[in-house]
Amino acid sequence: MSVPVRAGPSSWRRAATLVLAAGWTRPVPAAASRPQPPAEGFRVLLLQRSASQGFLPGAQVFPGGVLEAADRSTDWLRLFAPHHGPPRFGLGRAPPQRAAFPVLPNVRPGAVDEDAAALPDDIAFRICAIRETFEEAGVLLLRPRDPRPPNQAPGCALAPPPALADWRARVRRDPRHFLSLCAQLDCTPDIWALHDWSVWITPFSRPGGRRFETTFFLCCLNEPPPVFPDLVEVVDCQIEDPGCFWVVIKGCSPFLDHEVDYQKLNSAMNDFYNSLCQDIEIKPLKLEEGQVCVVYCQELKCWCRAVIKSIVSSADHYLAECFLVDFARYIPVKSRK
504 MSVPVRAGPS
514 SWRRAATLVL
524 AAGWTRPVPA
534 AASRPQPPAE
544 GFRVLLLQRS
554 ASQGFLPGAQ
564 VFPGGVLEAA
574 DRSTDWLRLF
584 APHHGPPRFG
594 LGRAPPQRAA
604 FPVLPNVRPG
614 AVDEDAAALP
624 DDIAFRICAI
634 RETFEEAGVL
644 LLRPRDPRPP
654 NQAPGCALAP
664 PPALADWRAR
674 VRRDPRHFLS
684 LCAQLDCTPD
694 IWALHDWSVW
704 ITPFSRPGGR
714 RFETTFFLCC
724 LNEPPPVFPD
734 LVEVVDCQIE
744 DPGCFWVVIK
754 GCSPFLDHEV
764 DYQKLNSAMN
774 DFYNSLCQDI
784 EIKPLKLEEG
794 QVCVVYCQEL
804 KCWCRAVIKS
814 IVSSADHYLA
824 ECFLVDFARY
834 IPVKSRK
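Heads up: the sequence shown runs through residues 504 to 840, numbered per my numbering.
Take a look at the structure:
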């Protein structure tokens, strides 16, 4: 049973985020001095937020933002018609019902249209993620209006529209202009290229009044699209190997709030690689709650960056609960005293 969360200083807002992955072929080095990753793989887009932003200033994030009433507007029905329409718009089977979670009060009056005839959340969140990706990165994930059923092949981004800066400014001022842009291009948001990934709730342990219930989608493209940061919310971007993106957990973990933590974490990883130590135990041996370190995960069969959340001591060993930064999960790790 869901019960309302008491409204207070924390303003719950619903949002959507897009993990944009693109195919990538690694250049073959002239001489490989160590084992190389596969020649073919993918890279992921991250955006750097402006230091002036109120939420996660300066953080590396995926494109995304708050769900607006325009994302659920019934005006979208005319654009999707006649080829796609309620209830699923050609998306296939509905996703599994989410586990029960306290109902989040909408404390922004008018932020989301609650009209029963408006688009369902599953569609509206996809439109929100695509709109925000255009606003922040200039990447336009649209599909020409077509009677053919959407296929399962990787999507592709359209070329930026003429007067990109003007359109982005208009959409930022009023999200309803995104529908106008789509209509002018005779396209619909490519909701079929987005796949459900996860849902994230802003931790209560994070200081500040803003709280988000964010739906994450994954979109795979054949090749990296051109990216144009808006230089308002976003000041820079990277399309890199996802192994480099452990810093995205910065906004999700209450343990990693300062740059010094990241420096210590990288230093610990570098020390391990340089020492070529084969001992399967926590490094360093001095254990403290909040300590950044490197641990070996038996299940994953690899060394991982980690933060120690809690420690239980017995006569001959420590048992530490560790948060794996790269994998966003907790594991117990045993270490000798």
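We treat Cβ as the ideally placed atom computed from N, Cα and C, and that holds for glycine.
DSSP state of residue i mapped onto helix, strand, coil
i, result
"Q794", "coil"
"P835", "strand"
"S576", "coil"
"A660", "coil"
"Q687", "helix"
"R648", "coil"
"G754", "A caution first: G754 carries a pLDDT of 43, below 50, which makes its placement in the model too unreliable to give a value."
"D733", "coil"
"A632", "helix"
"V564", "strand"
"S708", "Legend: pLDDT at S708 = 49, less than 50; position of this residue unreliable, no value from coordinates given."
"F592", "coil"
"E802", "coil"
"V642", "coil"
"L667", "helix"
"A698", "One detail in the question is off: residue 698 reads as His in this sequence, not Ala. Here H698 sits in strand by DSSP."
"A621", "coil"
Backbone CA spacing between residue i and residue j [nearest angstrom]
i, j, result
"A666", "T691", "19 Å"
"A632", "A818", "52 Å"
"F681", "V674", "6 Å"
"P623", "A597", "11 Å"
"Q741", "Q556", "19 Å"
"E503", "I814", "In the structure displayed, the chain extends from 504 to 840; residue 503 sits before or after that span and is not available."
"L548", "C685", "23 Å"
"P590", "A621", "11 Å"
"W527", "P664", "25 Å"
"E736", "G588", "33 Å"
"R522", "H586", "Here the sequence assigns Val to residue 522, which means Arg is not the residue at that position. Answer to the nearest angstrom: the Cα atoms are 27 Å apart."
"L559", "D578", "33 Å"
"D739", "C723", "21 Å"
"W470", "Y799", "Only positions 504 to 840 of the chain appear in the structure, and residue 470 is not among them; the question remains open."
"Q687", "R648", "12 Å"
"R634", "A668", "14 Å"
"A672", "S816", "57 Å"
"Q563", "T636", "14 Å"
"A627", "G658", "19 Å"
"D625", "N725", "24 Å"
Beta-carbon proximity list for residue i, same chain, < 6 Å, skipping 5 on both sides
i, result
"F731", "G641"
"R517", "L570 and E716"
"K837", "H820 and L822"
"Q539", "Model confidence at Q539 stands at a pLDDT of 49, short of 50, so the residue's coordinates are unreliable and nothing is read from them."
"T520", "F565, G567, T717 and F719"
"P728", "V642 and A660"
"A524", "F545, V547 and C723"
"A662", "none"
Spatial neighbours of residue i in its chain, beta-carbon cut-off 7 Å, leaving aside the 5 residues before and after
i, result
"F583", "F592 and T691"
"R509", "At R509 the pLDDT is 40, less than 50, meaning the model places this residue with poor confidence; the figure from the coordinates comes in the next sentence. Closer than 7 Å at the Cβ level, and outside the excluded window around R509, lies no residue."
Contact with chain D by residue i, beta-carbon distance below 7 Å
i, result
"L622", "Absence of chain D from the displayed structure is noted, only one protein chain being present."
Sequence-distant residues of its chain with Cβ nearer than 8 Å to residue i (five each side left out)
i, result
"D677", "A573"
"E802", "I834"
"V702", "R601, E716, T717, T718 and F719"
"G561", "Q551, R552, S553 and A554"
"E743", "R546, V547 and L549"
"S576", "D616, A621, L622, R679 and L682"
"L580", "G588, P589 and L622"
"L594", "D625, I626, I694 and W695"
CB-CB length for residue i against residue j, believed under 8 Å
i, j, result
"W695", "L721", "Their Cβ separation, rounded to whole angstroms, is 13 Å, which puts W695 and L721 out of contact at 8 Å."
"E791", "D733", "Not a contact, Cβ separation roughly 41 Å."
"D689", "L644", "With 8 Å as the limit, D689 and L644 do not qualify as a contact, their Cβ atoms being about 15 Å apart."
"L697", "R629", "5 Å"
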